[in-house]
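First the structure, in the form of structure tokens, and then the observations on it.
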Ligand SMILES: [Zn+2]
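In my numbering, the protein residues as written are 178 to 291.
What follows is the structure, given as structure tokens:
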């Protein structure tokens, strides 16, 4: 066992500690350190997995927002209208989905009324 653990155990127990007590305390310190290391490694793995999932979800959201993008154009009477390029593309100019389309509104979440 690490001499440093014996020294730590001896320091904790004080001058009157017997060798058996120091050995026991050093063993407990070692087990505690091992348990802490396992705990941290386990949580590090979970954190890295979660970070990967967040990265994938952000990339998916970005791809959705690239497809459902805002396009502004002028109507024959001159007024500007903003529509979703994707949702309106098949039926323009007869049917337009105003911006934000239901997909983007769902991604944006509930909006507070002003
Ligand atoms: Zn859309």
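Glycine is no exception: its CB is placed at the ideal position from the N, C-alpha and C atoms.
Residue side-chain check: residue 231 keeps its Cβ at 8 Å or more from all non-hydrogen atoms of ligand 1. Per DSSP, residue 250 is one residue of the beta strand (DSSP E) stretching across 247–251. Closest by C-alpha distance to residue 251, out of 260, 245, 243, is 260. Judged by DSSP secondary structure, residue 243 falls outside any beta strand (DSSP E) and instead within the alpha helix (DSSP H) spanning 196–244. The beta carbon of residue 263 sits closer than 8 Å to at least one heavy atom of ligand 1.
Straight through space, the alpha carbons of residue 232 and residue 288 are spaced by roughly 25 Å. Between the beta-carbon of residue 236 and that of residue 248 there is about 23 Å, and that puts the pair past the 8 Å contact cut. For residue 261, no alpha helix (DSSP H) run applies; the uninterrupted beta strand (DSSP E) run containing it begins and ends at 257–261, by DSSP. The alpha-carbon of residue 206 is positioned some 7 Å away from that of residue 182. In this chain, the alpha helix (DSSP H) harbouring residue 181 covers 180–190.
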